[in-house]
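In the numbering used here, the protein residues as written are 1 to 272.
Every residue, glycine too, gets a C-beta built ideally from N, C-alpha and C.
From a predicted model like this one, the values you see are computed outputs, not experimental measurements.
Worksheet: one structure, shown below.
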Amino acid sequence: MRNNTHNARFLASIHVMATTHRPREWDATTYDSLPLPHQRWGRGVLASLPLRGDERVLDVGAGTGRDTAALLERLPRGHVVAVDGSTAMLAQLRNRLAGVGPDRLTTLHTDLTAPLALALEEPVDAVFSVATLHWIPDHGSLFRSLAGVLRPGGLLRAEWGGAGNVANVEAVLVDLGLPRIGEACNFATADQTAERLAASGFTDIDVVCVPDPVRMESGAQFEAFLASVVLSAVLDSIPVGQRRQAVRAVAARLPERQVDYQRLQASARPAA
Ligand SMILES: C[S@@+](CC[C@H](N)C(=O)[O-])C[C@H]1O[C@@H](n2cnc3c(N)ncnc32)[C@H](O)[C@@H]1O
Numbered sequence: 001m002r003n004n005t006h007n008a009r010f011l012a013s014i015h016v017m018a019t020t021h022r023p024r025e026w027d028a029t030t031y032d033s034l035p036l037p038h039q040r041w042g043r044g045v046l047a048s049l050p051l052r053g054d055e056r057v058l059d060v061g062a063g064t065g066r067d068t069a070a071l072l073e074r075l076p077r078g079h080v081v082a083v084d085g086s087t088a089m090l091a092q093l094r095n096r097l098a099g100v101g102p103d104r105l106t107t108l109h110t111d112l113t114a115p116l117a118l119a120l121e122e123p124v125d126a127v128f129s130v131a132t133l134h135w136i137p138d139h140g141s142l143f144r145s146l147a148g149v150l151r152p153g154g155l156l157r158a159e160w161g162g163a164g165n166v167a168n169v170e171a172v173l174v175d176l177g178l179p180r181i182g183e184a185c186n187f188a189t190a191d192q193t194a195e196r197l198a199a200s201g202f203t204d205i206d207v208v209c210v211p212d213p214v215r216m217e218s219g220a221q222f223e224a225f226l227a228s229v230v231l232s233a234v235l236d237s238i239p240v241g242q243r244r245q246a247v248r249a250v251a252a253r254l255p256e257r258q259v260d261y262q263r264l265q266a267s268a269r270p271a272a
């Protein structure tokens, strides 16, 4: 009770700041140290991607390069273009893949809100993406950008947060009077996504949205997961000195240490 009163007083004192334009920075070291569901999501998308081994594949929002490394293993005669807007995430990726030559890997520091065709030298056979597309506000222009870099007959396989994503955390944020994650992210339904893909130059579209609740083992791990991943956009708008307490206040209201993810899984081809 005393803690709750204290939290309420503290949260009432938080001055929520306006955030700057995306792409935001990420804590790449903490990101790679956590047992994130992203690892499983990445394996799932990769397993669904049919590859001969000589293709050119675009990893959209490649982050620290975990999936980029796995993609390269599937492409012994191919090439991966890894694109991300975070300097820290890309530095970690370049470090992880330091032994891979420019004939196999291109890394690009690019804002995905701009057309990718401007940054890429040649089209790709496949677009792969994990846990990234909800960060882009305008999905119409994003999907046109992705269709614009795919060769005819190419393939898009991606997963990202959909409608109702992290709803249990959003409810706590509303309760505490903090900004919602959905204010910074685009959590669309499967139907909206399929319509936007069709209107943006894709065909053979298949989109589903599946619930995927994720639990963390310990309280410390849960707080690190909230701070560096789930609440990262929310914390951008809270003064640095108050972020830890805000994370603790959210964690205290989620005693099961669970985040209720809803994941969109999409497959599509560029229309001829
Ligand atoms: C949750 S991480 C996912 C990283 C990786 N795909 C994985 O599954 O581990 C989201 C990534 O999207 C990138 N991102 C978000 N918005 C972006 C933008 N506007 N332009 C470029 N990259 C962006 C972030 O920098 C971050 O690396």
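Here Thr-29 is exposed: its Cβ has fewer than 16 other Cβ atoms, across all protein chains shown, within 10 Å. Remark: C-beta atoms of Val-149 and Leu-120 approach each other more closely than 7 Å.
The beta carbon of Asp-236 sits no closer than 6 Å to any heavy atom of ligand 1. For Val-250, the uninterrupted alpha helix (DSSP H) segment begins and ends at 240-252.
Bounds of the alpha helix (DSSP H) holding Arg-196 are 190-199. Phe-202 sits in a strand when the DSSP states are folded into three classes. From the listed residues Ala-227, Val-166, Asn-186, Leu-176, the smallest Cα separation to Pro-213 is found for Val-166. Counting only the Cα atoms, Asp-27 lies some 9 Å from Val-229.
Counting along the chain, Val-130 sits inside the beta strand (DSSP E) bounded by residues 124-130.
Ala-249 is not a Cβ neighbour of Leu-173, given a cutoff of 7 Å. The closest heavy atom of ligand 1 lies less than 6 Å from the beta carbon of Met-89. Using a Cβ distance threshold of 7 Å, Phe-128 and Gly-162 do not count as a contacting pair. Checking the 6 Å criterion, the Cβ of Ala-131 is within range of a heavy atom belonging to ligand 1. For Gly-61, the shortest separation between its Cβ and any heavy atom of ligand 1 lies below 6 Å. Between the stretch 229-240 and the stretch 105-120 there are fewer than three inter-stretch CB-CB distances shorter than 8 Å, so the stretches are not counted as touching. In the DSSP assignment, the residues bridged to Asp-59 are Ala-82, Phe-128. Inclusion of Leu-112 in the 6 Å shell around ligand 1 follows from its C-beta lying nearer than that to a non-hydrogen atom of the ligand.
Taking a 10 Å sphere around the C-beta of Pro-211, we find fewer than 16 other C-beta atoms and assign the residue as exposed. Of the residues assessed, Arg-66 falls on the buried side of the cut-off, its CB having 16 or more other CB atoms within 10 angstroms.
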